[in-house]
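Enquirer:
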Amino acid sequence: FTGKAQVDEDMLEELEAVLIQADLGIKATQSIIATLREQSERGKPVDSSTAISLIQEEIVRILGEKPPTMARAESGPTVIMMVGVNGTGKTTSTGKIASMLCASGKSVVLAAADTFRAAAIEQLEVWGRRSGATVIKHQESSDPAAVAFDAFEAGRARGIDYVIVDTAGRLHTKSNLMEELKKVKRVLGRAGTGAPHETLLVVDATTGQNAIAQARVFNEAVGLTGVVLTKLDGTARGGIVVAICSEFGVPVRYVGVGEGVDDLRPFDPREFAASLVS
Amino acid sequence: NLSAKLQDVFKNLRNRGRLTEKDVDLALKEVRMALLEADVNFKVTKDFVASVKARAIGSAVLESLTPAQQVIKIVFEELTALMGGQSAKIAFANKPPTLVMLVGLQGSGKTTTCAKLASLLRKQGKRPMMAAADVYRPAAIKQLQVLGSQLNIEVFTLGDKADPADIAAGAVERARSFGYDTVLLDTAGRLHIDEEMMVELERIRARVSPHEVLLVVDAMTGQDAVNVATTFNERMGIDGVVLTKLDGDARGGAALSVRAVTGKPIKFVATGEKLDALEPFHPDRMSSRILG
Ligand SMILES: Nc1nc2c(ncn2[C@@H]2O[C@H](COP(=O)(O)OP(=O)(O)OP(=O)(O)O)[C@@H](O)[C@H]2O)c(=O)[nH]1
Ligand SMILES: Nc1nc2c(ncn2[C@@H]2O[C@H](COP(=O)(O)OP(=O)(O)OP(=O)(O)O)[C@@H](O)[C@H]2O)c(=O)[nH]1
Ligand SMILES: [Mg+2]
Ligand SMILES: [Mg+2]
Numbered sequence: 001f002t003g004k005a006q007v008d009e010d011m012l013e014e015l016e017a018v019l020i021q022a023d024l025g026i027k028a029t030q031s032i033i034a035t036l037r038e039q040s041e042r043g044k045p046v047d048s049s050t051a052i053s054l055i056q057e058e059i060v061r062i063l064g065e066k067p068p069t070m071a072r073a074e075s076g077p078t079v080i081m082m083v084g085v086n087g088t089g090k091t092t093s094t095g096k097i098a099s100m101l102c103a104s105g106k107s108v109v110l111a112a113a114d115t116f117r118a119a120a121i122e123q124l125e126v127w128g129r130r131s132g133a134t135v136i137k138h139q140e141s142s143d144p145a146a147v148a149f150d151a152f153e154a155g156r157a158r159g160i161d162y163v164i165v166d167t168a169g170r171l172h173t174k175s176n177l178m179e180e181l182k183k184v185k186r187v188l189g190r191a192g193t194g195a196p197h198e199t200l201l202v203v204d205a206t207t208g209q210n211a212i213a214q215a216r217v218f219n220e221a222v223g224l225t226g227v228v229l230t231k232l233d234g235t236a237r238g239g240i241v242v243a244i245c246s247e248f249g250v251p252v253r254y255v256g257v258g259e260g261v262d263d264l265r266p267f268d269p270r271e272f273a274a275s276l277v278s
Numbered sequence: 001n002l003s004a005k006l007q008d009v010f011k012n013l014r015n016r017g018r019l020t021e022k023d024v025d026l027a028l029k030e031v032r033m034a035l036l037e038a039d040v041n042f043k044v045t046k047d048f049v050a051s052v053k054a055r056a057i058g059s060a061v062l063e064s065l066t067p068a069q070q071v072i073k074i075v076f077e078e079l080t081a082l083m084g085g086q087s088a089k090i091a092f093a094n095k096p097p098t099l100v101m102l103v104g105l106q107g108s109g110k111t112t113t114c115a116k117l118a119s120l121l122r123k124q125g126k127r128p129m130m131a132a133a134d135v136y137r138p139a140a141i142k143q144l145q146v147l148g149s150q151l152n153i154e155v156f157t158l159g160d161k162a163d164p165a166d167i168a169a170g171a172v173e174r175a176r177s178f179g180y181d182t183v184l185l186d187t188a189g190r191l192h193i194d195e196e197m198m199v200e201l202e203r204i205r206a207r208v209s210p211h212e213v214l215l216v217v218d219a220m221t222g223q224d225a226v227n228v229a230t231t232f233n234e235r236m237g238i239d240g241v242v243l244t245k246l247d248g249d250a251r252g253g254a255a256l257s258v259r260a261v262t263g264k265p266i267k268f269v270a271t272g273e274k275l276d277a278l279e280p281f282h283p284d285r286m287s288s289r290i291l292g
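Chains A and B are the protein sequences, given in the same order.
Quick note on numbering: my numbering labels position 263 of the first sequence as 263, and the sequence is numbered without any gaps.
Quick note on numbering: my numbering labels position 160 of the second sequence as 160, and the sequence is numbered without any gaps.
1) Where does V40/B land, buried or exposed, given buried means 16+ other C-beta within 10 angstroms?
2) Helix or strand or just coil, what does DSSP make of E212/B?
3) Indicate the three-state DSSP secondary structure (helix, strand or coil) for D218/B in the structure shown.
4) Would you please verify whether the beta carbon of E122/A is less than 8 Å from any beta carbon of chain B?
5) For the stretch 132 to 158 of chain A, which segments carrying the beta strand (DSSP E) assignment without a break, of at least 3 residues, lie completely within its bounds, in sequence order?
6) Under 9 Å, CB to CB, which of the residues in the stretch 207 to 221 of chain B have a partner in chain A?
7) Look up T35/A in the DSSP assignment and say whether it is helix, strand or coil.
8) DSSP has M295/B in a bridge; who is on the other side?
9) Closest by CA to Q209/A, which one among M220/B, A50/B and G109/B?
10) Using a C-beta to C-beta distance shorter than 9 Å, which residues of chain A count as neighbours of N227/B?
11) Please report how far the alpha carbon of A120/A lies from the alpha carbon of V126/A, in whole angstroms.
12) Give, in chain order, every residue of the stretch 187 to 209 of chain A whose Cβ lies closer than 9 Å to some Cβ of chain B.
13) Would you mind reading off the limits of the alpha helix (DSSP H) that contains M83/B?
14) When you compare only the Cα positions, how much space is there between A206/B and A168/B?
15) Between M82/A and S48/A, which are expected to be in contact by the criterion C-beta below 8 Å, what is the C-beta distance as a whole number of angstroms?
16) So D204/A is in the alpha helix (DSSP H); what residue range does that whole segment cover?
17) Under the rule that 16 or more other beta-carbon atoms within 10 Å means buried, what is R158/A, buried or exposed?
18) List, in order along the chain, the chain C residues whose C-beta lies closer than 9 Å to that of G89/A?
19) For F149/A, count the other beta carbons within 10 Å of its own beta carbon; 16 or more makes it buried, fewer makes it exposed. Which is it?
20) Select from the stretch 160 to 191 of chain B all residues with a C-beta closer than 7 Å to any C-beta belonging to chain A, and list them in chain order.
21) For ligand 1, is there any heavy atom lying closer than 7 Å to the beta carbon of S93/A?
22) Out of curiosity, what's the CA-to-CA distance linking A115/B and L184/B?
23) Starting from the C-beta of V187/A, find all residues in its chain whose C-beta is less than 7 Å away, skip the five residues before and the five after it, and write them out in chain order.
24) Output, in sequence order along the chain, the residues in the stretch 138 to 154 of chain B whose CB is closer than 9 Å to any CB in chain A.
25) If you drop the 5 nearest sequence neighbours on each side, which residues of the same chain put their C-beta closer than 8 Å to that of C102/A?
26) If you draw a straight line from the alpha carbon of P283/B to that of A81/B, how long is it in whole angstroms?
27) Exposed or buried, which one is V199/B when buried takes at least 16 other CB atoms within 10 Å?
28) K185/A: which of S175/A, M100/A, T167/A and D262/A sits nearest, CA to CA?
29) Measuring straight from C-alpha to C-alpha, what distance separates V255/A and K231/A?
30) Is it buried or exposed for I290/B, if we count other Cβ within 10 angstroms and need 16 for buried?
31) Measure from the C-beta of E325/B to each C-beta in chain A and report whether the shortest distance is under 8 Å.
32) May I ask you to report which of helix, strand or coil DSSP gives T173/A?
33) Examine chain A for any beta-carbon lying closer than 8 Å to the beta-carbon of G248/B, and answer yes or no.
34) What distance in whole Å lies between the Cβ atoms of G64/A and P196/A, which are believed to be in contact at a cut-off of 8 Å?
35) When DSSP labels each residue in this structure, what does L120/B get in the three-state scheme?
36) CB-CB under 6 Å to L177/A, same chain, minus the five flanking residues each way: which ones, in chain order?
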């Protein structure tokens, strides 16, 4: 008797299927299964409920036990910049975050820095009304950096607590659009020390492995401080954030669970890990 | 990439002389990895690899001097055959107007695709109009109206307090009286598990009997693509798929997943934010993209 525990290969295969179907991706999945196999080879036999809690522990470890609190400016408005590819929920999430902040007694200005897409400004204005935030906008096709700058200046002048900059959706493969985003960030940095204090990548939970490329390019371009994972009210599990956290160390801040103004929750790593594999 | 990985697999096995089934299994492991990395659904991948194996074992792979190339060739051919083969055109009604309805998850690109399709059909000699049936999303109607005015294509609306089925019916009526031969109906994004919203789609369909229902799917969709496609197909009966945002670098495995579970063809691909960025689907190009 070697003392080596039986590794139930069928069970491991089943767990691998669960993780892959949750969009963890083959790389993150294989590393988690390897950790599991290692643990079970150290002698303790691993049944499926033990395996599941070991996997959840590992996922929580990768995601970070407790996401750090949002950064705050030392003086002047705290600036949050929302970025991401097209259609992920940036504008909606901007409205939800604004509403949450206004409800807690903070004052909020929204910068309508998507000056390109049809009715983008009108869409944000509706969210301004719903949340109680003021919307700063320019003409369509104007310079997004100029809108961001104006919004910051208006915020600073009026003693506003938060300025949230909603940017246009852009594919990370479009270098001219990524340059435009870098300019928005530079201009904010010149307007206010440390701005933007938070840069949140908005990721659609239905996204597959491409989310990793999105995170990599946006992180290299403007530096990410967090992720907002949207549309978790669907059937997609959003497992790609595990790979994002593991590779870039960017924590998930909030999850979007619907289209209404209150459909935003702070991220709970344990609850999320349990939803991926249970 | 897959070709290089397969070369490696077979290089190491080469010295043992003739290849065995076990050697092919090693190669298929790489194929499976490549498909999963490309976001092809887990179960669809399993079935696909099994069909590739059946062909690989039965074919010249075991005898071949270039087994890696043989495997790639089989995979590429199987993928292309699976995704192609069906008519990828819109089926126009014998008696106009033809009603084309766009459905899908939130943010997949329906509104933009609606305008692009209207523009494309006009270039093909049709007289299209659009109908704004998304009464939920802030400024959704405005969004379609702005696109309509950019194209100089009429957008029918009853405002955001109206019932989407009434909007659809009103649009068809408008088309009949003004001689439009195609109506492109833009609907609100919705979850396939939102019962109320799926019932709304069924009510619209019952009311106006669309000739063509197109499911709009984001090319970066992961494993969830099969759940979405299956449900929309079961509830609505889709006639085809539009795959959007192919101007990015998503491998687009969702294309294979959706085709495999619904049997419906991908009719168009959207390749940008501009209104001329809509092309017919090419299964061979999609296959090489998926294989990376
Ligand atoms: N079900 C669900 N839908 C959401 C969620 N967040 C956003 N949406 C929907 O997703 C769609 C796109 O949202 P937007 O806020 O316009 O996305 P965006 O990233 O600003 O889009 P672009 O600016 O065009 O890149 C809308 O229909 C939203 O209502 C969510 O958490 N759950
Ligand atoms: N790069 C790129 N962006 C696209 C493409 N198709 C649509 N978009 C963008 O994706 C975002 C969402 O497009 P919409 O047309 O609003 O999507 P939708 O499905 O109507 O969204 P909802 O009505 O909220 O469900 C917008 O920013 C579009 O410009 C495409 O093929 N390529
Ligand atoms: Mg937006
Ligand atoms: Mg729309």
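Don't be surprised by glycine CBs; every beta carbon is placed ideally from N, CA and C.
Remember, predicted model here, so these are calculated numbers, not experimental data.
Expert: Quick look at the numbers:
1) Translated into the one-based positions of the second sequence, residue 40/B becomes position 40. The Cβ neighbour count for V40/B, taken over all protein chains shown within 10 Å, is at least 16; the residue is labelled buried.
2) Translated into positions along the second sequence, residue 212/B becomes position 212. The answer is strand: DSSP assigns E212/B an E or B state.
3) Position 218 of the second sequence holds residue 218/B. It is a strand residue.
4) Residue mapping note: residue 122/A aligns to position 122 of the first sequence, counting from 1. For E122/A, the answer is yes, since a Cβ of chain B falls inside 8 Å of its Cβ.
5) For the stretch 132 to 158 of chain A, whole beta strand (DSSP E) runs of length 3 or above, ordered along the chain, are 134 to 136.
6) Flagged, chain order: D218, A219, M220 and T221.
7) Walking along the first sequence from the start, residue 35/A turns up at place 35. In the structure shown, T35/A sits in a helix (DSSP, three-state: H, G or I).
8) Any answer about residue 295/B is impossible in this case: the structure gives chain B only from 1 up to 292.
9) The count along the first sequence starts at 1 and reaches residue 209/A at position 209. Here the closest residue by C-alpha is M220/B.
10) Counted from its first residue, the second sequence places residue 227/B at position 227. The contacting residues are G234, T235 and A236.
11) One-based indexing of the first sequence puts residue 120/A at position 120. One-based indexing of the first sequence puts residue 126/A at position 126. A120/A and V126/A have their alpha carbons spaced roughly 10 Å apart.
12) D204, A205, T206, T207, G208 and Q209
13) As a position in the second sequence, residue 83/B is number 83, starting the count at 1. For M83/B, the enclosing alpha helix (DSSP H) begins and ends at P67 to M83.
14) Start at 1 with the first residue of the second sequence, and residue 206/B comes out as number 206. Start at 1 with the first residue of the second sequence, and residue 168/B comes out as number 168. Going by the C-alpha atoms only, they are around 11 Å apart.
15) If you number the first sequence from 1, residue 82/A lands on position 82. If you number the first sequence from 1, residue 48/A lands on position 48. Wrong, their Cβ atoms sit about 40 Å apart, outside the cutoff.
16) Here residue 204/A is taken as the residue at index 204 of the first sequence, counted from 1. Counting along the chain, D204/A falls outside any alpha helix (DSSP H), though it belongs to the beta strand (DSSP E) covering E198 to D204.
17) To locate residue 158/A, count along the first sequence from 1; it is residue 158. Looking at its Cβ environment, which holds fewer than 16 other Cβ atoms inside 10 Å, R158/A is exposed.
18) Here chain C cannot be found, since the structure's protein chains are A and B.
19) In the first sequence, residue 149/A corresponds to position 149, counting from 1. Buried is the call here.
20) L191
21) Position 93 of the first sequence holds residue 93/A. The answer is yes for S93/A.
22) For the purposes of this step, residue 115/B is taken as residue 115 along the second sequence, with counting starting at 1. For the purposes of this step, residue 184/B is taken as residue 184 along the second sequence, with counting starting at 1. If I take the Cα positions, the gap works out to 8 Å.
23) As a first step, residue 187/A must be located in the first sequence, where it is residue number 187. If we look at V187/A and ignore the five residues flanking it on each side, its Cβ neighbours are A145, A148 and F149.
24) P138, A139, A140, I141, K142, Q143, L144, Q145, V146, L147 and Q150
25) Indexing the first sequence from 1 puts residue 102/A at position 102. So the list reads V108, S131, G132 and A133, once near-sequence residues are dropped.
26) Reading the second sequence from its first residue, position 283 is the one you call residue 283/B. Reading the second sequence from its first residue, position 81 is the one you call residue 81/B. Roughly 8 Å separates the two Cα atoms.
27) Within the second sequence, residue 199/B is the residue found at index 199, counting from 1. With fewer than 16 other Cβ atoms within 10 Å, it is exposed.
28) Mapped onto the first sequence, residue 185/A falls at position 185. K185/A has its Cα closest to that of T167/A, out of S175/A, M100/A, T167/A and D262/A.
29) The residue you call residue 255/A lines up with position 255 of the first sequence. The residue you call residue 231/A lines up with position 231 of the first sequence. Distance between the alpha carbons of V255/A and K231/A is about 8 Å.
30) As a position in the second sequence, residue 290/B is number 290, starting the count at 1. Buried: at least 16 other Cβ atoms inside 10 Å.
31) As displayed, chain B neither begins before 1 nor continues past 292, which places residue 325/B out of reach and without an answer.
32) Counting from 1 along the first sequence, the entry for residue 173/A is found at position 173. The answer is coil: DSSP assigns T173/A none of H, G, I, E or B.
33) Taking the second sequence and counting its residues from 1, one reaches residue 248/B at position 248. Yes, G248/B counts as interfacial toward chain A.
34) Start at 1 with the first residue of the first sequence, and residue 196/A comes out as number 196. Start at 1 with the first residue of the first sequence, and residue 64/A comes out as number 64. In fact, because the Cβ distance is near 21 Å, the residues do not count as touching under 8 Å.
35) Counted from its first residue, the second sequence places residue 120/B at position 120. Helix at L120/B.
36) Residue numbering aside, residue 177/A sits at position 177 when the first sequence is read from its first letter. So the qualifying residues of the chain are R170.
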